[in-house]
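So the sequence shown is numbered by my numbering: it starts at 1208 and just counts up by one. We treat Cβ as the ideally placed atom computed from N, Cα and C, and that holds for glycine. Given the structure is predicted, the values throughout are model-derived calculations rather than measurements.
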Amino acid sequence: MKTVTLGKTGMTVNKNGFGALPMQRVSVAEAVKLARKAYEAGITFFDTARFYTDSEEKLGAAFDGMRDKVYIATKTGAQTGEGFWADLKTSLGNLRTDYVDLYQFHNPGFCPKPGDGSGLYEAMLEAREKGMVRHIGITNHRLSVAQEAIDSGLYETLQFPFCYLSGEQELSLVRQCKEKQMGFIAMKALSGGLITDSAAAYAFLDQYDNVLPIWGVQRERELDEFISYIDNPPTMTEEIASVIEKDRAEMSGEFCRGCGYCMPCPVGIEINNCARMSLLLRRSPSEGWLTEEVQGKMKKIENCLHCNQCKGKCPYGLDTPSLLEKNYEDYKKVLAGEVSVK
């Protein structure tokens, strides 16, 4: 069993973290079943957030009475100290616990620090002093904020997108975290569904002994796949390297990662899927993306106001309206049979 120690936190866990965002899409019974099965297999790190609707409540139900057996990480998107305390109180109630192992600022547009006027970091320190929070972390999609968090020395962990489609800048963050004994939690390890070979994804991340990938789990067969890697972890081979190089070539340049931070859209466009529909059609069974429901969602692109709100909020600096238009044109060609997909 491969393990990862999250920097100075001392938390040592299996190199498979459980991402609980998708649990908001399944019933309580199914969520409890999945979380407990993961624990029984050896997975002990579970990541959720206030933003993930009832995900916290489902984890609370799963681990009620056995809180000390797992590490639970959650997040606050609060903008003020008052909001911080409200979020923490709610999270503790949802999780049926009196402490959070790792409390993270959830994708803030800046790096919270003492004296910055927000009161956020001061509240975090007070919560830690009271034993309500054991370790302090930050999640982000912006390289500049991630870099500032590392440089500040104020954080014990960084959660950031990292997979084999990442570039040198992300690799630099991983290296710096290791040098500073700061835990690195890899979100989007499957790039929001664009990476379809989880063995290749795992083998890539296996090369970095300080990186903990968290896999979003919604179905038992997905969980079984990751559980199988506990006793038989995939390692880098020529075959897997070839898969990675092929995917890198196919997805070079600008593409939507599906993070959703551009939303909501004023006219209801489901940007996080519509702006990457061409890749989804070609990298997963296309039938699921050609239904009447999805066609209706794509048609909403015609109502785009070109207000550029999505473009301004994109942490990757993408020209989102242009991506939407290109994906819609391709989609219409697929529907008309002018372009074939698998």
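{"Check": "Coil, strand or helix - residue 1310 by DSSP", "Outcome": "strand"}
{"Check": "Enclosing alpha helix (DSSP H) for residue 1541 [first to last residue]", "Outcome": "1527-1542"}
{"Check": "Sheet register partners of residue 1340 (DSSP bridge)", "Outcome": "1307"}
{"Check": "Touch test, the region 1489-1507 against the region 1526-1544, Cβ-Cβ under 8 Å, three pairs minimum", "Outcome": "yes"}
{"Check": "Run of the alpha helix (DSSP H) containing residue 1317, from where it starts to where it stops", "Outcome": "Per DSSP, residue 1317 belongs to no alpha helix (DSSP H) and is neither H nor E."}
{"Check": "Residue 1498 - partner residues in DSSP beta bridges", "Outcome": "Residue 1498 pairs with nothing; no bridge assigned."}
{"Check": "Minimum C-alpha distance to residue 1458 - residue among 1546, 1496 and 1397", "Outcome": "1397"}
{"Check": "Residue 1518 versus residue 1530: straight-line alpha-carbon distance, rounded", "Outcome": "10 Å"}
{"Check": "For residue 1294, the residue or residues it bridges with in DSSP", "Outcome": "Paired residues: none, contrary to the question."}
{"Check": "Residue(s) in a DSSP beta bridge with residue 1346", "Outcome": "1313 and 1366"}
{"Check": "Validate contact between the region 1304-1324 and the region 1337-1345 using beta carbons, cut 8 Å, 3 pairs", "Outcome": "yes"}
{"Check": "Residue 1385 - DSSP class collapsed to helix/strand/coil", "Outcome": "helix"}
{"Check": "Cα-Cα separation between residue 1270 and residue 1338, rounded to whole angstroms", "Outcome": "19 Å"}
{"Check": "Range covered by the alpha helix (DSSP H) that runs through residue 1487", "Outcome": "1484-1490"}
{"Check": "Segment contact flag, the region 1240-1247 with the region 1399-1417, C-beta cutoff 8 Å, min 3 pairs", "Outcome": "no"}
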